[in-house]
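Structure, as structure tokens:
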Amino acid sequence: MFIFHKETRLEDLGNGVTRRILAHDGKMMAVEVNFEQGAIGPMHNHPHEQLTYVLSGEFEFTIGDEKHVVTAGDTLYKEPHVMHGCVCLKPGTLLDTFTPVREDFLKS
1 MFIFHKETRL EDLGNGVTRR ILAHDGKMMA VEVNFEQGAI GPMHNHPHEQ
51 LTYVLSGEFE FTIGDEKHVV TAGDTLYKEP HVMHGCVCLK PGTLLDTFTP
101 VREDFLKS
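Those letters in the sequence shown? Residues 1 to 108, by the UniProt record's numbering.
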């Protein structure tokens, strides 16, 4: 399967956050998320495993009881059902990988 960036749809989630679903099948999904400075990824949890790779920018992330500032090249792992969220300190882009697929993203 090939997914060409120019053929994907950019979704405006509001408040300085956009999302682009890159690829997915029944077991995993890759999603690009762009943040403007000051944009917030509200605290939430879900039943999916999630890896986040910081492509650019600077973010203050909270995962469970831990809070750290991360930058390009850093990777975060979120276990299922663990609360997590972020604040964008410098404009940037995250690459999220989920397993299984986020069906809720496909319905939006």
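We treat Cβ as the ideally placed atom computed from N, Cα and C, and that holds for glycine.
Spanning the alpha carbons of cysteine 86 and glycine 41 requires a straight line of approximately 5 Å. In the three-state reduction of the DSSP assignment, histidine 68 falls in the strand class, which pools E and B. With fewer than 16 neighbouring CB atoms inside 10 Å of its own CB, glycine 64 falls in the exposed class. Counting only runs that start and end inside the UniProt domain "Cupin type-2" (32-94), the beta strand (DSSP E) elements of at least 3 residues fall at 40-44, 49-63, 66-71, 75-78. Contact check for leucine 22 and threonine 52: beta-carbon distance about 14 Å, past the 8 Å limit, so the pair fails to qualify. Within a 10 Å sphere around the beta-carbon of leucine 10 sit fewer than 16 other beta-carbons, which makes this residue exposed. Residue state for aspartate 25 is assigned as coil, using DSSP reduced to three classes.
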